[in-house]
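The structure appears below as structure tokens.
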Amino acid sequence: MRDRADRWPVRESRHLHRDAWVVALREDRITLPDGSGEPFRRLVLEHPGAAVVLAVDDRDRVLCLWQYRHAAERTFVEIPAGLLDGGPEESPLDVARRELVEETGYEAGEWTHLVTTYASPGISAEIAHIYLARGLTRVGRGDFEPQHEEAVMRTGWVPFGDLHAAVLRGDVQDAPVVIAVLAAQARGLMSP
């Protein structure tokens with residue numbers, strides 16, 4: 030079983046909103062693959078994608094972030110992540126490496142791609158490349174200056190087993206965290 034690339038006929042497309050940061054909202058009018066029927070409307074939230082890092086130390090603790098997210102009006106337990114906004118020459122792994130340093134001040138010597146997912150493909154093109162990072166070394170954040178929510182973001186170490194249990198209880202609900210924890214466990218790379 031496998032997902033596959035596919036594109037239905039787009040009869041009309043227009044941008045409803047575009048900003049300088051990350052958000053673009055597009056309205057498409059599409060038809061069934063054979064072109065039959067009246068065109069119907071679909072909204073698409075354009076997004077460059079993201080790289081996500083499950084960073085684990087030699088004691089099997091996960092480096093977590095506590096970050097406020099306005100859209101959900103809550104502070105989530107998260108893991109380092111960032112936008113694929115560096116252009117075509119910057120791979121998802123390059124972004125993962127950059128974000129780990131910027132958000133936590135750590136580098137990793139070992140990287141394993143866990144899974145690639147689409148967050149909500151019914152409305153968004155956002156793709157997330159999720160990695161497991163081990164062999165951590167403290168290097169500092171360099172010249173990165175946290176702003177807005179990141180300026181008050183808290184970091185801390187959480188034993189993998191505790192994070193896994195919190196995911197299963199529904200106490201941790203950030204999708205990339207849930208997916209990363211369950212994928213690492215399912216692939217036998219981490220155990221609770």
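Residue numbers (this note's numbering): 30 to 221. The beta-carbon is built from N, C-alpha and C at its ideal position, and this holds for glycine as well.
For L45, the enclosing beta strand (DSSP E) has its first and last residue at V39 to R47. Taking all protein chains in view, the Cβ of L192 is crowded by 16 or more other Cβ atoms within 10 Å, so the residue is classified as buried. If you compare the alpha carbons of V106, H44 and V39 with that of V206, the shortest gap goes to V106. Per the Cβ contact rule, the region 39-53 is not in contact with the region 127-141 (fewer than 3 Cβ pairs under 8 Å). Inclusion of D57 and E67 in the CB contact set at 9 Å is not warranted, their separation being larger than that value.
Relative to V91, the option among L122, T133 and D123 whose CA is nearest is T133. Bridge partners of R167 according to DSSP: Y135. Apart from the 5 residues on each side of it in sequence, V85 sits with its Cβ closer than 6 Å to the Cβ of V91 and R163 in its chain, given in chain order. Contact between the region 67-82 and the region 166-173 is absent: fewer than 3 CB-CB pairs across the two stretches fall below 8 Å.
Of the candidates L161, H44, P150 and S153, L161 places its Cα closest to the Cα of L143.
By the neighbour-count criterion, in which a residue is buried when 16 or more other Cβ atoms sit within 10 angstroms of its Cβ, Q202 is exposed.
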